[in-house]
Amino acid sequence: MFSIQNYTVESLASQFGTPLYVYDGNKIEEQIGKMRTAFAGTNLKLKYACKALTNINIMKLMRKNGVDIDVVSTQEAHLAILAGYQPHQIQYTPSGVAFAEIQEAVALGLRMNLDSLPLLEKVGQTYGNSLPVCLRINPHIMEGGTLKISTGHKDSKFGISIEQAPEIYEIVQKYDLKVVGLHQHTGSDFKNANVIISAAEKLFDLAFKYFPNLEFIDLGSGFKVAYHEDDHITDMDKLGKGVVKVFNEFCAQYGKEVELWFEPGKFLVSECGYLLTSANVVKHNPGRNFVGVDSGLNHLIRPMMYDSYHEIINGSNPDGEEKEKYDIVGYICETDTLGKDRTIPTVKEGDIIVIKNAGAYGFSMASNYNSRFRPAEVLIYNGAAQVIRKRETMEDILKNQIVLDI
Ligand SMILES: *Cc1c(COP(=O)(O)O)cnc(C)c1O
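Listed below in structure tokens is the structure:
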């Protein structure tokens, strides 16, 4: 039987029910350790991109491990504050939000990462040089999985185009803006270390040319993790060696030891997460077998939205010799395939089917589609399994509905 730390998936399912998100907290710490090792020799600061998995206990775990946080909304910032973060540990990287939200973020004392020329202009008009800011630069690099998840190419909505550097500088001069950081985020799933290095070099050039008072360079994230058994992943050590070398050369030339920031989401939490489901039905159609589980795109939308591959195992019988090929499908009234053509040990009704790499963008993108409840979440940390979010009930579904007298 398949286990997560010292718990078999069947014991977790019978204690907490399915569908169930389970996170291995110690695995998260391992991933943090890998990054620290890879970038040793720099003044490294990790900022967890919490949109990947926003349970407050995961944020607390990050904080306990000295990892700061990157938020994309003021709501995430409020969660981070509740998790114990000081506002200055929170980097706010919004995309196209109303200026009222920017004002709220400033009032909260967050660190600002600005991603358009009009926003830069407004911040200058409103706050003058009183606000230390970071600039999100789009380095025009195409990398990172598919167009849907790539953010650093020329046609992406994210960041200020590097070709607009003179315009940026004009606004910075006009308001005497205090630029303390330069940021780029190439998007998810890049695997070529040279890409992040060439993006970094573009930021270094900008720093030399226009920004003499930087405190940090933020190289974003997008590290690829192994979804498929034989996936190519970001080789963190190789990437580390390359980045550390060019970064230290940059600091020497720049005349100052600036901080090196990264904002990993997926790399820290993807592999720690498992979606435990039960096989409701096994269907042998002519030409295709289906396993229907008690979950679907309402709980894990990545396979349908990004065509992403998640390894799926029969947790009740992971090593069975007798195998069959199945499509693993959800219970949503919609084509709802979690995994296609998977050859796994024969499934019988009630088996626990485990979907791996479900920590990042799993629960945080879950919905109530089909008016189904979102799953409970369990954290296993140092050998103890604890519920960190209750399963929803009918009350949650109705909570904000106003029932008219019709
Ligand atoms: C989403 C996001 C990240 C995290 O990306 P991953 O692929 O999950 O590592 C980092 N930085 C910013 C600004 C983001 O929006």
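The numbers in this note's numbering rise by one with no breaks, and the one at position 133 of the sequence shown is 153.
Don't be surprised by glycine CBs; every beta carbon is placed ideally from N, CA and C.
- Given a length threshold of 3 residues, each whole run of the beta strand (DSSP E) inside the segment 207-281 is given here in chain order: 236-238.
- For glutamate 49, the enclosing alpha helix (DSSP H) begins and ends at 45-58.
- In the structure shown, glutamine 111 falls within a strand segment according to DSSP collapsed to helix, strand and coil.
- Here the segment 365-381 makes no contact with the segment 269-280; the two share fewer than three CB pairs at distances below 8 Å.
- Contact annotation: tyrosine 43 and isoleucine 78 have beta-carbon atoms nearer than 8 Å.
- Looking from the CA of leucine 140, the closest CA among Ala100, His108, His98 and Gln184 belongs to Gln184.
- Taking all protein chains in view, the Cβ of leucine 197 is crowded by 16 or more other Cβ atoms within 10 Å, so the residue is classified as buried.
- Take leucine 64, set aside five residues on each side of it, and the residues of its chain with a beta-carbon closer than 7 Å to its own are Arg56 and Leu280, in chain order.
- Assignment of histidine 98 by DSSP, reduced to helix, strand and coil, places it in the helix class.
- The three-state secondary structure of aspartate 327, taken from DSSP, is coil.
- The three-state secondary structure of cysteine 70, taken from DSSP, is helix.
- By alpha-carbon distance to lysine 345, the top candidate from Asn309, Phe267 and Lys376 is Asn309.
- Comparing alpha-carbon positions, the option among Ile417, Ile161, Ala60 and Ser150 lying closest to glycine 129 turns out to be Ser150.
- Rounded to whole angstroms, the separation of the alpha carbons of glutamine 193 and glycine 382 is 43 Å.
- Less than 8 Å divides the Cβ of isoleucine 180 from the Cβ of isoleucine 157.
- Using a Cβ distance threshold of 8 Å, leucine 134 and phenylalanine 282 do not count as a contacting pair.
- Out of Tyr294, Ile422 and Ala299, the CA that lies nearest to the CA of glycine 379 is found in Tyr294.
- Under a 10 Å Cβ-count criterion, isoleucine 161 is classified as buried, with 16 or more other Cβ atoms of the shown protein chains found around its own Cβ.
- Exposure of methionine 414 is indicated by the presence of fewer than 16 other C-beta atoms within 10 angstroms of its C-beta.
- Per DSSP, reduced to three states, the secondary structure at proline 395 is coil, with no helix or strand assignment.
- Looking at Ile52, Phe59 and Ser23, the one whose alpha-carbon comes closest to that of valine 263 is Phe59.
- The beta-carbon separation of phenylalanine 393 and aspartate 416, rounded to 7 Å, stays under the 8 Å limit for a contact.
- For alanine 69, the shortest C-beta to heavy atom distance toward ligand 1 is below 7 Å.
- Under the 10 Å beta carbon count, serine 387 is surrounded by fewer than 16 other beta carbons and is classified as exposed.
- Take the alpha-carbon of isoleucine 48 and the one of asparagine 420: they are about 35 Å apart.
- Only residues of its own chain outside the window of five on either side were considered, and among them Leu32, Ala33, Leu296, Pro395, Ala396 and Val398 have a CB closer than 7 Å to the CB of leucine 40, listed in chain order.
- Bridge pairing for phenylalanine 310: Lys303 and Asp347 [DSSP].
- Scanning Asn233, Asn212 and Leu239 for the CA closest to the CA of alanine 220 turns up Leu239.
- With 16 or more other Cβ atoms from the protein chains shown falling within 10 Å of its own Cβ, histidine 330 counts as buried.
- According to the DSSP assignment, aspartate 90 belongs to the beta strand (DSSP E) that extends over 88-91.
- Sixteen is the threshold: since fewer than 16 other Cβ atoms of the shown chains lie within 10 Å of the Cβ of valine 301, the residue is exposed.
- According to the DSSP secondary-structure assignment, lysine 65 is paired through a beta bridge with Trp281.
- The distance from the Cβ of tyrosine 105 to that of alanine 125 is about 14 Å, inconsistent with a contact at the 8 Å cut-off.
- Counting every other CB atom within 10 Å of its CB across the protein chains shown gives glutamate 269 a total below 16, marking it as exposed.
- Residue side-chain check: histidine 205 places its Cβ nearer than 7 Å to a non-hydrogen atom of ligand 1.
- Sorting Glu187, Lys376 and Tyr351 by C-alpha distance to the C-alpha of glutamate 291 places Lys376 at the top.
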